[in-house]
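Going letter by letter, the sequence shown gives residues 1 to 59 in full-length UniProt numbering.
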Amino acid sequence: VEDKSKEKRLEDVPVVRDFPEVFPKDLPGLPSIRPVEFQIDLVPGAAPVARVPYRLAPS
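Below is the structure:
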């Protein structure tokens, strides 16, 4: 079982490892893990939107 309590290092991130020339040498580290706050406010009694989100090609 992997110990998830270890902090991630920059070298552990694949993008940083694959493209080191893009990232500064003195990058302080990864940001701390924070909870994501997201919600959709609903209007009581409102009917749901019955529409396709994008146009489809004619079949």
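For every residue, glycine included, the Cβ atom is placed at its ideal position computed from N, Cα and C.
Check, Outcome
"Separation of V16 from F23, as counted between CA atoms", "7 Å"
"Euclidean distance between Cα positions of I33 and I40", "23 Å"
"Nearest-angstrom Cα separation, counted from E11 out to R55", "42 Å"
"Backbone secondary structure at D18 - three-state DSSP", "helix"
"Rounded C-alpha distance that separates V52 from A46", "18 Å"
"Three-state secondary structure assigned by DSSP to L42", "coil"
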